[in-house]
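The opening residue of the sequence shown carries number 670 in my numbering; numbering runs sequentially from there.
Glycine residues also receive a C-beta, built at the ideal position from the N, C-alpha and C atoms.
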Amino acid sequence: QRLSDLTAEQDNAIGRQQEEITQLRRTVKLLSDWGAPQPLPRPPVAGAEQQAVPIERTRDLQAQLAQRTKLLHEANAELAQAIREPARLKAENVRLIEERDQAKAELATTGEELTKARALIARAIERGGAQKPAPVAVTCPGNPKAVSDLEVARALLAEEKREHERAKVRAEEARTKSAQLQRDLDKLRAQIDATGTPTGTNPGKTTGNAPINQTGSIDTPSRPTSPAPKPLQILMDKRLDTDFYTAEPIPDEAELVTGSKGRWYRIAVKASGGKPLLFPDREFEVKDAAQDVAMSARQLVTDLLGQLGKTAKAHRVFVRGGADGRPVLGGGERPGIDTLQVYARGLDGRYAPGPRPYRISTPVRNADLPILRANWLRGVIGPGLSATGVTSNIAILDNPPAPGAPRTAEIILFVAW
């Protein structure tokens, strides 16, 4: 029965290994479909010096493409190795089971021989009238049959002891091979984890083959794990810095907007030459940077935002502006806007679950600048995000002026993985 249970458990473990290989194939296909970001060409500018920046950027993006292609090839190689490894481990399991069956059969044969030897010893003692085997063999020269039976029995006992020792050696070898097999399986799981798809992602399941204990039975502990992160999530959980944008997760924040629990990211799109987007003092527009910012947003869609519809459960795009704490001394251009819908920020730093009307002052106050700058950024990036199907609803988050705050505007991204 234990052997049947062993075979069933190993078959189940191999099945789970095949499921993990299938999941790894899907991950590699996702990486292949995702591919490297394709940079969008900058509009031609006059002068060799002004054209040098886009050329240098193209070289950098080509280097990024080569690096991501190399990573994809490495993932494919690891996948091929992972596909071959379970077959080898399964064959090793089958061979180990055969050796164990053979050892059990030999032990059973030895037991039968031991029973026969004991019966021979009993008959010899009974025929010779002695209480112990040794005296019978010595003191019954007139009973050659008893002496012969004792010699045979002693020879069989000696052989049984030798066979028992050999069986112990084989059992120890079997345990050693089983431990090595478990280490190989752990190594295989580590290799699969390195490709970005950890094994055993379903809660309540065990990962890999269960270890074989010294009694020959199977230990099957239950080790629930949390859902595995997706490749895009793994990428976005790191700080990304490109010529078009920087993106990083907001640490220790799961519900920046009340009711929206998940991961939050801060994304700063860049202006011409990969420079940060900065507004002039007391201004809420950067007209000469609008085209470059829109291009950076389209590259952001190609790299990250365009993939969210396939991998994330939900996502939402917000914009947030900034201003320092100095009061406005002179008025800039008139915004031409009376009211905007804005998510208000509470004392704890979190935002209300829905927007409220915000009335723009005339003349513009310093408190209006973060909202107007966010609204300008929304107007620049909105068409590109809407045309690619990412979103057509970009909300504004309030961000009161603060001493030393940068005069900028950024994207705040919510993702429920």
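{"Asked": "For residue 1072, the three-state DSSP class (helix, strand or coil)", "Found": "coil"}
{"Asked": "Residues sharing a beta bridge with residue 1009, DSSP", "Found": "1027"}
{"Asked": "Through-space distance from residue 914 to residue 907, alpha-carbon basis", "Found": "14 Å"}
{"Asked": "Pairwise C-alpha distance: residue 1070 and residue 734", "Found": "40 Å"}
{"Asked": "Minimum C-alpha distance to residue 768 - residue among 1051, 843, 964 and 784", "Found": "843"}
{"Asked": "Residue 770 in three-state terms, based on DSSP", "Found": "helix"}
{"Asked": "Nearest-angstrom Cα separation, counted from residue 1016 out to residue 939", "Found": "30 Å"}
{"Asked": "Continuous alpha helix (DSSP H) stretch holding residue 1047: start and end", "Found": "1038–1056"}
{"Asked": "Buried versus exposed call for residue 911 [16 or more other C-beta atoms within 10 Å across all chains shown]", "Found": "buried"}
{"Asked": "Beta-carbon proximity of residue 1029 to residue 1037, cut-off 7 Å", "Found": "yes"}
{"Asked": "Cα-Cα separation, residue 788 to residue 781", "Found": "11 Å"}
{"Asked": "Residue 1060 (DSSP reduced to helix, strand or coil)", "Found": "coil"}
{"Asked": "Sub-7 Å separation of residue 699 and residue 748 beta-carbons", "Found": "no"}
{"Asked": "Of the residues 964, 926 and 766, the one placed nearest residue 1024, counting alpha carbons only", "Found": "926"}
{"Asked": "Same chain, Cβ closer than 7 Å to residue 899, neighbours up to 5 away in sequence not counted", "Found": "980 and 1086"}
{"Asked": "Alpha-carbon spacing of residue 971 relative to residue 673, whole angstroms", "Found": "53 Å"}
{"Asked": "Local conformation of residue 749 per DSSP, three classes", "Found": "helix"}
{"Asked": "Sufficient close CB pairs (3 or more, under 8 Å) joining the stretch 986–993 to the stretch 1057–1073", "Found": "yes"}
{"Asked": "Uninterrupted beta strand (DSSP E) stretches inside the stretch 937–1022 (no shorter than 3 residues)", "Found": "983–990 and 1008–1012"}
{"Asked": "Cβ neighbour criterion (16 or more within 10 Å) applied to residue 920", "Found": "exposed"}
{"Asked": "For residue 809, the three-state DSSP class (helix, strand or coil)", "Found": "Bear in mind that a pLDDT of 47 at residue 809, under 50, signals an unreliable position, so the model cannot answer this."}
{"Asked": "Pair within 7 Å by beta-carbon distance, residue 1005 and residue 1077", "Found": "no"}
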